[in-house]
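Here the sequence shown is numbered in the numbering used here, starting from 248 and rising by one per residue.
Take a look at the structure below.
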Amino acid sequence: MAFGESPVLSPQERRERNRAEMSSAILDAARAIIREEGAGALNLNELARRVNLTTPALYSYFPGKFAIYDALYLQALHLMRDYDLAVWQEHEPSWERVRAWLGARLQFAMDYPELYHLMFSSPIPGFTPSEQSVAETQSQLASSRQGLSEVIDAGIIQPGISTERAVDLLLAVRHGILAERIGKANVVPAGSGRFEHLIDDAIDMLRLAWGKEASESNK
């Protein structure tokens, strides 16, 4: 093989590559439909049309609509994991880490609204995530707990309650800000920063209640 030439694929390798490319195209088309019409509007006939397949041929890639939902669910989990990993890697245990963690999920929701809706705000009747998806969800939750617990263990956050309860409260604050942002997307202009500023407000409030200064003043 000459320098710069791609390796010659075997028939099996070509089939696997083609299958992977078509599976990816199907998921991309499914996400487009969800963006346009909502998570519950996914129609396999329309999906097949968009990727130039017959509906029966579509079943050779995904056995049904719920399998497509689950694949998208996994996509969302992997993307959210990447956003969170960047936070843990770029920020030492600090209030800035907490701020970045809150902001990362808001950024994910704005970058991938169709995936956020699928996971959090548009439950699909009859759809239950697979064991793999549930396991990855638990793994990601454990990663968030670890990343936030490090801030508490370092003494930067002194909540006066158990670490588990403190992390649960932070998760609830994050979800509340996201729910407000997504729920008012049609009435609050994009780019207004209204809900992004809530992150700063939440951090300021938490620091008043949980910061070192608050802990020392209560002694």
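By construction, the Cβ of each residue, glycine as well, lies at the ideal position given by its N, Cα and C atoms.
What you are looking at is a predicted structure, and each value in this text was computed from that prediction instead of being measured.
query, result
"Straight-line Cα distance separating glutamate 383 from aspartate 400", "25 Å"
"Any non-hydrogen atom of the ligand ATP closer than 7 Å to methionine 269 Cβ", "This structure lacks the ligand ATP; in fact it carries no ligand of any kind."
"C-beta contact flag for tyrosine 238 and proline 376 at 8 Å", "Nothing can be reported for residue 238, as the shown portion of the chain is limited to 248 through 466."
"Neighbour flag for alanine 382 against chain D, beta carbons, 8 Å", "The displayed structure is made up of one protein chain only, and chain D is not part of it."
"Simplified DSSP state of glutamate 339, which is helix, strand or coil", "coil"
"Cβ neighbour criterion (16 or more within 10 Å) applied to histidine 444", "exposed"
"Three-way DSSP call (helix, strand, coil) for lysine 312 in this model", "helix"
"Candidates Ser271, Tyr359, Val420, Leu291, of which the one nearest leucine 324 by Cα", "Tyr359"
"For histidine 422, the first and last residue of its enclosing alpha helix (DSSP H)", "410 to 430"
"Environment of leucine 388 [buried if 16+ CB atoms lie within 10 Å]", "exposed"
"For leucine 291, the first and last residue of its enclosing alpha helix (DSSP H)", "291 to 297"
"Where the alpha helix (DSSP H) containing histidine 364 begins and where it ends", "Element bounds for histidine 364: n/a, residue is neither H nor E."
"Same chain only: Cβ atoms within 8 Å of isoleucine 195, ignoring 5 sequence neighbours per side", "Here the chain covers residues 248 to 466 and nothing more, so residue 195 does not appear."
"Own chain residues within Cβ distance below 7 Å of proline 258, not counting five before or after", "none"
"Endpoints, the alpha helix (DSSP H) within which leucine 305 is located", "302 to 305"
"C-beta contact flag for phenylalanine 355 and leucine 332 at 8 Å", "no"
"Residue of Gly458, Tyr306, Ile315, Glu263 minimising C-alpha distance to alanine 276", "Ile315"
"Which listed residue (Thr301, Ala272, Ala267, His364) has its alpha carbon closest to that of glycine 287", "His364"
"Inter-residue Cα distance where the pair is lysine 312 and glycine 430", "26 Å"
"Arginine 454 vs valine 398 beta-carbon contact at 8 Å", "no"
"Spatial distance of threonine 301 from glutamate 293 (CA atoms)", "10 Å"
"Three-state secondary structure (DSSP) of glycine 458", "coil"
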